[in-house]
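I have placed the structure first, in the form of structure tokens, so that the comments after it can refer back to it.
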Amino acid sequence: MAEEPAIKAVEEIASQLGERYVLIEDLDRSAYSYDASGMQYIPSAVVRPVELEDISFIIEVANKYGVPLVPRGSGTSLVGGPLPIEGSIVVDMQMMNKILEKDEYTGLVRVEAGLRLLDLNKVLSNRFMPINPDGMGFSTVGGLIAEDAASPLSVKYGTTAAMVLGVEVVLPTGETLLVEQPGPPSKRNILNLLIGSEGTLGIFTSALLRLPLRPESRIAYKIEMIDISDAVSIQTAIKRANISIAGFEAYHNYKELIGEKGAEAVSFLEVSGTKECADVWSSKLRSIFKEMDIPFEEIDTEEADSIWERRKSIYELAKRRKSAMRVISLLVHTHLTRDAIQEIDRTGSRLKLPVVTVFNPLLGWVMAIFLYDPTDEKEVKRTEKAIFNVIDRTIALGGSIGFGIGAGITKITSDMDEGFVSIFSSVKEALDPNWIMNPGKLIER
Amino acid sequence: MVKFSRSLMKELSRCIGCGACNISCPMFHVSDFKETEGARARIKLISMLGNNKIDLTEEFLGYIFTCINCGLCMDLCPVGIDVFDIIVKSRSSLVDIGYVPLVTVDMRDARRRTGSPIGEGLTKGVWLPPDFQPEKNADILFFAGCWVHTAPDVAINMSKILQKIAPNVAPAGPNEPCCGGLLYVIGERDSAEESKENLLKFIKELSPKVVVSGCSLCASLFPDLEMKYFSSFVDEALESNKIKTKSMKRKKNKIFLIRSCHSNGAARRILERIKNAVVIDTPNWICCDCGATLIYQSEPEKFDEWFKKISEIASDSDADYFMIEEPACYSMISKVLEGKNKYKGMKIISFPSFLVNHIS
Ligand SMILES: Cc1cc2nc3c(=O)[nH]c(=O)nc-3n(C[C@H](O)[C@H](O)[C@H](O)COP(=O)(O)OP(=O)(O)OC[C@H]3O[C@@H](n4cnc5c(N)ncnc54)[C@H](O)[C@@H]3O)c2cc1C
Ligand code: SF4
Ligand code: SF4
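The following block contains the structure:
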């Protein structure tokens, strides 16, 4: 079991929240030791708040005993975000899942942070777009905001930040704040400091969101790129033709791995808007494909949804090869997308690891997914090495890590982003002098 | 130290930890999303056990062996892991090594003494004449399934409905062997196989045209028994116009259906054919089958919690009927309600007992 201060902290929390909401048994602690990253750290205890006051109290006690806390949503993080690496107490937010306010007319909803996306998507009618970066709707609103999650549709709709108008947050000092845009977005936007802070600056208890409207018309294409350089050319052609793309996602190495030869990447593109706009953009897109000699086919939006929302093809691949996956997410300047992909390819072949790269050339978002046999220790080590290799190469390209899915345990270092690390560290020091809030994530102390 | 087979370990390690299997897991929802209770934790913890990262205590053993056993966890897994199958496989590996949890001891012993895991409390075929003998070469052999015998009214009504479909329906009667389904889910592979073989022999001797099972678990777990589950069979009979539905007198009767986890949605389709019956949309994790019996017996408070939670959802949705498809589940709920057929303003009824009045 845990160390002395943690035991005292847990006892005190249990006396306030009730035994039922504090888990200390080995079984429970082990069940909160993982997320979707494949890593594992056992917490000293798990607490399950049901209201704001519980959280304020938990933070007060954590400060008193110097015991670190880790906020946790559904534990779908791919980077160890909700893992208690310093024997912390996990704060499971899933019981705080109420819908506080909703307005079908404006698309505004105020919900508690533990609400899952599949339930959020039912709050308003289907005039609104479902929010679904993880593809299953299992992650929570709090996790989404903490990671500033992104999806293929972020080309049109932006990352999570674009729909967050405000949050209620309990700071590591115990103070509760409502951080909301005072009317239309102004230059004074402190909200964006909290969005994407990966649970290191406080615990979100609720959020005010504006859900985007569903477009009248959506047209989606599946295209095959013979050469990965086509991605760069397409991106330039799209910009030149002034086409407003809604979503883009490409899978590199996918065909090769399933044993089919030919295209270097399979990708999916979507335009949406009023029927007139979508039609015009769609016909412009077709001309580009034809001009570039790129094979394409129109797919129905349901199919596009199932691919974009479920990343099915990648999972299918893992299933076929019976391998586990390790993911690293990068953001590079859009014109360097191809270079980043080539670096990943090189790493994969040098370390003899199959790798699929999911990329979005319009955002410069590149996710490397290494497939490995988790029962083979040497392969596990090589995968670890591959991740660090890719990070090094990305820094050399002037890129950064953690877009959408977060940096988590891997952390952002000064050589990746000196300005961010310096300012963010000062803010962290000021708001969380005891470093009790999710230590060991995002930045080094 | 527990050592699972290489193939089981590899399958376990393919889990990417995404949590999709929790979305349809009843245990996860009933426990207010407590991670430990969900399907993902079961896979992860069994994997930790196989990797020697966690000790095998009696509590842990009991945990691995007790869930609702609904099998819904495999519905959404993006990497195609058959989660329930893995859970069952690890249970049988543990049994093979010699680890048998206390929670299943009663069922194992009962089976040894009486041939059925339910034990002495069960007398089969009480609704039949004392000298009953099953008929050979019938159109339908009605295999009730162990738990259906604990709810004779349901068995009688199932039998009546089947008689509307074919003239010659033969109940399997008091000597009906147990299919072994429950033994299978608690990892008793050999006993389950033996039970199934017994049943197969029994069916062969009677050589019916078709066997209809009152229990969905038996029909779905053992496809080689070639049984049709009651609801699916009735659904097909309606589809081919052998029988028809009768409308309900009162307008708009809202039905909250607790479906069988192992069925293919047949009960819902049947109800939707009945005029004036409105079937309420329920979350996908709401289901019940006889796999829940273990939790009912070993941790009654968990079963009560499950019932409390779903009956709350039902009454919040203004249901007139709280309808239970699976006879085992109906039987357990009846005991929790001490035989009352009204609860929170809803009529508690089994699906076959409702259907018997709405089929012609
Ligand atoms: C199969 C799969 C596909 C995915 N695809 C994508 C994708 O395309 N794009 C993408 O962006 N992400 C993706 N993800 C990652 C993941 O789903 C998201 O990061 C998600 O937003 C995490 O939500 P969660 O509720 O599970 O949070 P958790 O994993 O529990 O936590 C994530 C982080 O948020 C913090 N946190 C959680 N709740 C709170 C709170 N209330 N207050 C403060 N901090 C909190 C935690 O401390 C942690 O640092 C994918 C994951 C999987 C498994
Ligand atoms: S069988 Fe049912 S109760 Fe058991 S883990 Fe799977 S979904 Fe959950
Ligand atoms: S759905 Fe499949 S991959 Fe996801 S946690 Fe469950 S078993 Fe693992």
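Order-wise, the sequence lines are chains C and S. In terms of the numbering used here, the first sequence is residues 14 to 458. In terms of the numbering used here, the second sequence is residues 86 to 445. From the three backbone atoms N, C-alpha and C, an ideal C-beta is built for every residue, glycine too.
Does the distance from the C-beta atom of Ile251/C to that of Ile341/C stay below 7 Å?
Contact flag unset, no.
Which residues of chain C have a Cβ atom closer than 7 Å to the Cβ of Ser98/S, listed in chain order?
Neighbours of Ser98/S on chain C, chain order: Ala337, Pro387 and Thr388.
Answer with yes or no whether the minimum CB distance from Glu120/S to chain C is below 7 Å.
True, the Cβ-Cβ gap to chain C drops below 7 Å.
Helix, strand or coil for Arg299/C? Go by DSSP, reduced to three states.
Note: Arg299/C maps to helix in three-state DSSP.
Name the chain S residues whose beta carbon is nearer than 9 Å to that of Leu40/C?
Annotation: Cβ neighbours of Leu40/C in chain S (cutoff 9 Å, chain order): Thr121, Ala126, Leu130, Ile139, Thr142, Glu144, Phe145 and Tyr148.
For Asp389/S, the three-state DSSP class (helix, strand or coil)
Asp389/S falls in the helix class under three-state DSSP.
Closest by C-alpha distance to Ala49/C, when choosing among Asp39/C, Glu457/C, Gly86/C and Trp448/C
Residue Gly86/C is the option with its Cα nearest to Ala49/C.
Ser332/S: which of Ile359/S, Ser201/S and Asn349/S sits nearest, CA to CA?
Comparing alpha carbon positions, the residue from Ile359/S, Ser201/S and Asn349/S closest to Ser332/S is Ile359/S.
Short CB-CB distance (under 7 Å) between Asp117/S and chain C
For Asp117/S, the answer is yes, since a Cβ of chain C falls inside 7 Å of its Cβ.
May I have the straight-line CA-CA distance separating Ile357/C from Glu73/C, to the nearest angstrom?
Roughly 45 Å between the two C-alpha positions.
Where Leu213/S and Gly258/S are concerned, what is the direct C-alpha to C-alpha distance, given to the nearest angstrom?
Distance between the alpha carbons of Leu213/S and Gly258/S is about 7 Å.
What is the DSSP secondary structure of Asp117/S, reduced to helix, strand or coil?
In the displayed model, Asp117/S falls within coil according to three-state DSSP, outside both helix and strand.
Using beta carbons (cut-off 7 Å, strictly below), is Cys152/S in contact with chain C?
In terms of beta-carbon proximity, Cys152/S stays away from the interface with chain C, with every pair separated by 7 Å or more.
Pick from Leu96/C, Lys135/C, Val124/C and Phe141/C that is closest to Tyr118/C, judged by C-alpha positions:
Just measuring C-alpha positions, the residue of Leu96/C, Lys135/C, Val124/C and Phe141/C sitting nearest Tyr118/C is Phe141/C.
Near Ser316/S, what residues of its chain come up, given a Cβ to Cβ distance below 6 Å and the 5 sequence neighbours on each side ignored?
Within the same chain, Ser316/S has close Cβ partners Ser348, Ala351 and Ala352.
Beta-carbon separation (whole angstroms), Ile239/C vs Ala276/C, contact threshold 8 Å
Yes, Ile239/C and Ala276/C are in contact; Cβ-Cβ is about 6 Å, under 8 Å.
If we count the other Cβ atoms within 10 Å of its Cβ and call it buried at 16 or more, is Ser396/S buried or exposed?
Buried, because 16 or more other Cβ atoms sit within 10 Å of the Cβ of Ser396/S.
Anyone know if the C-beta pair for Arg125/S and Phe150/S falls short of 7 Å?
Going by C-beta atoms, Arg125/S is not nearer than 7 Å to Phe150/S.
When burial is assigned at 16 or more other CB atoms within 10 Å of the CB, is Gly417/C buried or exposed?
Its Cβ being crowded by 16 or more others within 10 Å, Gly417/C is buried.
Count the other CB atoms, across all protein chains shown, that sit within 10 Å of the CB of Pro7/C; report buried if there are 16 or more and exposed otherwise.
As shown, chain C starts at 14 and ends at 458. That puts residue 7/C outside it, with no answer to give.
Hey, would you say the C-beta of Ala124/S is under 6 Å away from at least one heavy atom of ligand 2?
Judged by the Cβ position, Ala124/S qualifies as a neighbour of ligand 2 at the 6 Å threshold, a heavy atom of the ligand being closer than this.
When the Cα atoms are used, what is the spatial distance from Ser109/S to Lys387/S?
In this structure, the alpha-carbon of Ser109/S lies about 18 Å from that of Lys387/S.
Close-in-space but distant-in-sequence residues of the same chain around Glu290/S (CB under 8 Å, 5 per side omitted)
Once the five neighbours on either side are set aside, the close Cβ partners of Glu290/S are Lys221.
Measure from the alpha carbon of Asp7/C to the alpha carbon of each residue in Arg123/C, Thr89/C, Asn134/C and Met429/C, then state which is nearest.
Outside the shown range of chain C (14 to 458) lies residue 7/C, about which nothing can therefore be said.
Just to confirm my understanding: we take Val270/S, look at its own chain, exclude 5 residues before and 5 after, and list those with CB closer than 7 Å. What are they?
Hits under 7 Å: Asn154, Val173 and Gly376.
In the DSSP assignment, what residue or residues form a beta bridge with Asn338/S?
Residue pairing by DSSP puts Asn338/S in a beta bridge opposite Ala362/S.
Could you name the residues of the same chain whose beta carbon sits closer than 7 Å to that of Asn107/S, not counting the 5 residues immediately before and after it, in chain order?
Only Phe113, Gly123, Ala124 and Arg125 meet the Cβ criterion.
Starting from Glu282/S, follow the alpha helix (DSSP H) in both directions and report where the run begins and ends.
That run of the alpha helix (DSSP H) goes Arg274 to Leu291.
The segment 124 to 146 of chain C: positions lying closer than 9 Å to chain S by Cβ:
Correct list: Gly127, Arg129 and Leu131.
Would you say Val164/S reaches chain C, if we count a Cβ-Cβ gap shorter than 7 Å as a contact?
Output row for Val164/S: interface = yes.
Under the DSSP definition of a beta bridge, which residues are partnered with Gln53/C?
According to DSSP, which records beta bridges pairwise, Gln53/C is partnered with Tyr47/C.
Chain C contact residues for Gly135/S, given Cβ-Cβ distances below 9 Å
Taking a Cβ-Cβ cut-off of 9 Å, Gly135/S has no neighbours in chain C, whose nearest Cβ is about 10 Å from it.
Residue-chain proximity (Ala105/S, chain C), Cβ-Cβ < 7 Å
Yes, Ala105/S counts as interfacial toward chain C.
Express the C-alpha separation of Leu222/C and Glu96/S in angstroms, rounding to a whole number.
Roughly 39 Å between the two C-alpha positions.
Can you tell me where the alpha helix (DSSP H) with Ser383/S in it begins and where it stops?
For Ser383/S, the uninterrupted alpha helix (DSSP H) segment begins and ends at Thr378 to Ser383.
Under DSSP, the beta strand (DSSP E) around Met282/C begins and ends at which residues?
The question names Met, yet the displayed sequence has Leu at residue 282/C. Ala278 to Gly286 is the span of the beta strand (DSSP E), which, as asked, contains Leu282/C.
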